[in-house]
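Be aware that the sequence shown starts at 0, since it is given in numbering that gives the first Met the number 0, and climbs by one per residue. Each remark here refers to the structure printed beneath this line.
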Amino acid sequence: MIAAAPLSALAALCVGRYALPASHVGAALAGWALPDGLASWLPTVADAERRVVLLVRLPRVLLALLAGSSLALCGAALQGAFRNPLVGPQILGISSGAAFGGCAAILLFSSLWATLGFAFAGGLLAVAIVYLLGRSRGRTTILMLVLAGVVTSAFFSALISLATYFADPYDSLPAIVFWLMGSFATASYVKLGAAVAPIAAGMGLLFALRFRINVLSLGDEQASAMGLAVEPLRWMLLGCATLVVSASVAVSGTVGWVGLVVPHIARMLVGP
């Protein structure tokens with residue numbers, strides 16, 4: 000599985016409307032990464048091939064790897080925190096809330112940074128609604144949180160449909176529809192740079208809390224007996240997941256089911 004990621008990335012750099020041999024792709028990447036003195040021994044690569052690799056395909060591949068790995072990590076963390084194999088960013092409404100925030104930003108501002116900020120705000124709003132709906136008799140339960148997430152996801156999906164109804168069919172509507180489809184076709188180094196910081200921060204916190212997530216997956220009673228503050232920890236995990244998912248949605252649109260399926264594939268290969 001570790002080897003599949005670089006092999007898939009290499010194939011994505013080679014395959015396309017303008018097919019390139021792997022040797023030319025490697026030469027273009029090495030010429031970009033190495034100093035001029037060390038790159039003199041590389042085979043000659045046409046300027047058009049170098050532009051295709053470095054300016055078109057490489058940002059797409061890097062952004063796809065970043066978004067896919069971040070969504071998968073969030074899915075694994077949420078499934079452990081909620082002790083439910085069907086939980087993911089989409090099920091809890093985080094993806095839908097972030098997508099609605101991005102739609103609102105496209106309607107109002109049409110700016111990358113506005114989309115990133117509105118997506119994060121939409122994700123936080125979705126988590127707040129889940130928290131309010133999930134409280135039962137003064138406390139939150141896992142079942143109520145999951146059900147509240149499903150309701151919240153449907154609510155924000157309806158708001159997205161309402162936003163597309165009011166969007167300008169000649170301007171913002173095509174941008175919203177294309178963005179919601181979840182595509183890396185418009186990837187650029189600007190989008191990659193905008194997404195790296197929040198995704199790296201959220202993934203770093205989730206990775207630092209990995210042992211606490213393992214304890215939390217044993218059950219609330221056992222986790223409390225071992226000294227964990229269960230509810231604050233669960234909301235901290237939700238906040239980290241919201242940050243990561245919102246940044247991913249802002250630059251790539253809604254990418255479905257990665258956060259749900261990939262953790263199960265990883266467990267099949269390497270164990271729980």
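Just so it is clear, CB atoms sit at the ideal spot from N, CA and C, and this is done for glycine as well. Computed from a predicted model, the values in this text were never measured in an experiment.
Exercise. Helix, strand or coil: which one does DSSP assign to Arg16?
Worked result: coil
Exercise. Roughly how far, in whole angstroms, is the beta-carbon of Arg56 from the beta-carbon of Gly15, given that I think they are within contact range, below 8 angstroms?
Worked result: 7 angstroms
Problem set entry | Three-pair Cβ contact test at 8 angstroms for the stretch 149-169 versus the stretch 197-211 | no
Exercise. On the three-state DSSP scale, how would you describe Arg134?
Worked result: strand
For this session: Measure the alpha-carbon distance for Arg134 versus Pro173 and round it to whole angstroms.
Result: 39 angstroms
Exercise. Taking buried to mean at least 16 other C-beta atoms within 10 Å of its own C-beta, is Ser94 buried or exposed?
Worked result: buried
Problem set entry | Exposure label - Val260; buried when at least 16 CB within 10 Å | exposed
Problem set entry | Where Pro197 sits in the DSSP three-state scheme | helix
For this session: Work out the CA separation of Leu72 and Gly201 for me, nearest whole Å.
Result: 10 angstroms
Exercise. Which residue's Cα is closest to the Cα of Leu12: Ile1, Ala2, Leu54, Ala240?
Worked result: Leu54
Problem set entry | Start-end ranges of the alpha helix (DSSP H) lying completely within the stretch 201-261, minimum 4 residues | 209-215, 219-224, 229-251
Exercise. Which residues bound the alpha helix (DSSP H) around Tyr164?
Worked result: 141-165
Exercise. Do the stretch 109-125 and the stretch 248-262 meet, that is, are 3 or more Cβ pairs less than 8 angstroms apart?
Worked result: yes
Problem set entry | Ile105 (DSSP reduced to helix, strand or coil) | helix
Problem set entry | Span of the alpha helix (DSSP H) around Gly67 | 57-81
Problem set entry | Cβ shell of His263 (< 8 angstroms), same chain only, five flanking positions each side left out | Pro84
For this session: Identify the continuous alpha helix (DSSP H) that holds Phe177 and give its terminal residues.
Result: 171-179
Exercise. Is the number of C-beta pairs between the stretch 216-228 and the stretch 175-192 that are closer than 8 angstroms three or more?
Worked result: no
Exercise. Roughly how many whole angstroms lie between the Cα atoms of Leu268 and Ile1?
Worked result: 11 angstroms
For this session: Look at the Cβ atom of Gly148, then the Cβ atom of Ile90, and state whether they are nearer than 8 angstroms.
Result: yes
For this session: Return helix, strand or coil for Ile128, following the three-state DSSP convention.
Result: helix
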